[in-house]
Amino acid sequence: MIGFIFSEDFLLSSVMFALPIVFAAFAALISNRAGIVNINIEGSMSVAAVCGTLVSHFTNSWVLGLLTAAAVGVLMSLLLALAALRLRTDSFLSGIALNTLATGLSVYVLYAVLGVKGDSSAAAAVAIPKISIPVLRDIPVIGKLLFDQSVLFYVAILAAIFLSFLLRRTKLGTEIKATGFNPAVAESVGIRTRVVKVKALIICGVFAGLGGAFLSMSYLQYFSAGMVAGRGFIGIAAEAMGLGSPWRTAFFSLLFGAVDYFSVGAQTVLTFPYELLNTLPYLMTIAALVIYAVINKNKKEK
27 MIGFIFSEDF LLSSVMFALP IVFAAFAALI SNRAGIVNIN IEGSMSVAAV
77 CGTLVSHFTN SWVLGLLTAA AVGVLMSLLL ALAALRLRTD SFLSGIALNT
127 LATGLSVYVL YAVLGVKGDS SAAAAVAIPK ISIPVLRDIP VIGKLLFDQS
177 VLFYVAILAA IFLSFLLRRT KLGTEIKATG FNPAVAESVG IRTRVVKVKA
227 LIICGVFAGL GGAFLSMSYL QYFSAGMVAG RGFIGIAAEA MGLGSPWRTA
277 FFSLLFGAVD YFSVGAQTVL TFPYELLNTL PYLMTIAALV IYAVINKNKK
327 EK
């Protein structure tokens, strides 16, 4: 067991399992900082995954597939913006409705295009390539981790840098934080909070789309119904533990990814029923949210 946990394979696989959670967590971070609880991230990832896969297959271009996934993620976020900001519905309930819509919509798109309802393996996606740097990839332990990875691994690093810069150094970042903290005060100093929230949701949608694209164009090369498997919600939990910091959010996403892979990989070295191991990521999500709630409550009482 110890050898399994501290192996290079465990490290590499944990990062691979963590990447969709990282993008989901970044999506949750930017929307939450703008004061919108977006639980539609799960559904956005699902629809983005199927659309990105199909476009990449029929155009024979992973770039167009990736751009399509990001655009679909934005579209799903704009639907939430329409419901919550224009029609003034509850954003949480609207997110639930959109997640339900996404579950059926992703299967419908698959059936409408390919005539199947399970997966798109008959029309494989063009895989998002790896960036492999000779010599550096042969460095022990960290070589393959840092220099032999999917394009989206490096995009995730750039996304963390982008979010840190956006929130700390830009006017839009200041407006997003002000809007999320106290929209009435933000309005009083001339910030158009509705516009700011829409911009935040657009960025949120891009990240959700990238997370979906990773699952269907890198982790696998096809879409399968239910493949998101709660990673959108786990990303929301990772963001809550990260307390609004992109780097802390990325760290907790990696931690969730490690637990997610452990629940799969440990089935070969442990005698526990695999059904019990498969519950570990969700049990950790619940535990993390409980810990976050307790810490947050204690801070408010002081």
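Numbering (this note's numbering), first residue to last: 27 to 328.
Glycine included, C-beta positions come from ideal geometry on N, C-alpha and C.
Remember, it's a predicted structure, so these values are computed and weren't measured experimentally.
C-alpha distance - residue i paired with residue j, whole-angstrom precision
i      : j      : result
Val139 : Ala284 : 35 Å
Leu108 : Ala123 : 13 Å
Phe52  : Arg274 : 11 Å
Ala226 : Ile67  : 13 Å
Thr129 : Val161 : 44 Å
Leu37  : Met243 : 21 Å
Ile317 : Pro299 : 27 Å
Ser57  : Val63  : 7 Å
Leu172 : Phe288 : 21 Å
Asp35  : Ser82  : 29 Å
Val142 : Ser120 : 29 Å
Asn150 : Leu241 : Per the sequence presented here, residue 150 reads as Ala, with Asn not at that position. Cα to Cα, the separation comes out at about 13 Å.
Leu198 : Gly216 : 13 Å
Leu184 : Val167 : 22 Å
Asp116 : Ile65  : 12 Å
Phe49  : Gly261 : 8 Å
Leu193 : Glu201 : 9 Å
Residues that residue i bridges to, as DSSP identifies them
i      : result
Asp286 : Answer by DSSP bridge pairing: none, since Asp286 is not bridged.
Ser176 : Lys156
Asp145 : Ser250
Residue i - containing alpha helix (DSSP H), residue span
i      : result
Ile67  : Ile67 to Thr85
Ile202 : Lys197 to Phe207
Val254 : Counting along the chain, Val254 falls outside any alpha helix (DSSP H), and DSSP gives it neither H nor E.
Ala150 : Taken as a continuous stretch (DSSP letters only), Ala150 belongs to no alpha helix (DSSP H), as it is neither H nor E.
Assigned secondary structure, residue i (DSSP; H/G/I helix, E/B strand, else coil)
i      : result
Ser120 : helix
Ser271 : coil
Gly216 : coil
Ile317 : helix
Asn304 : coil
Asn125 : helix
Val63  : coil
Thr94  : helix
Arg114 : coil
Ile168 : coil
The beta strand (DSSP E) enclosing residue i, as first and last residue numbers
i      : result
Ser12  : Examination of residue 12 is not possible in this model, given that the chain is present from 27 through 328 alone.
Lys156 : Lys156 to Ser158
C-beta contact flag for residue i and residue j at 8 Å
i      : j      : result
Leu236 : Ala44  : no
Gly256 : Tyr308 : yes
Gly238 : Met71  : yes
Thr94  : Ser146 : no
Leu315 : Ala263 : yes
Ser103 : Gly270 : no
Asn19  : Val152 : Limits of the chain in this structure are 27 at one end and 328 at the other, which puts residue 19 out of reach.
Leu111 : Arg195 : no
Leu292 : Leu303 : With the sequence shown as reference, residue 292 is identified as Ala, and Leu is not the correct amino acid for it. Closer than 8 Å, so yes.
Ala186 : Pro272 : yes
Gly99  : Ala313 : no
Ser176 : Ile154 : yes
Contact test: residue i Cβ vs the ligand NAD heavy atom, cutoff 7 Å
i      : result
Val142 : With respect to the ligand NAD, the structure shown offers nothing to examine, as it has no ligands at all.
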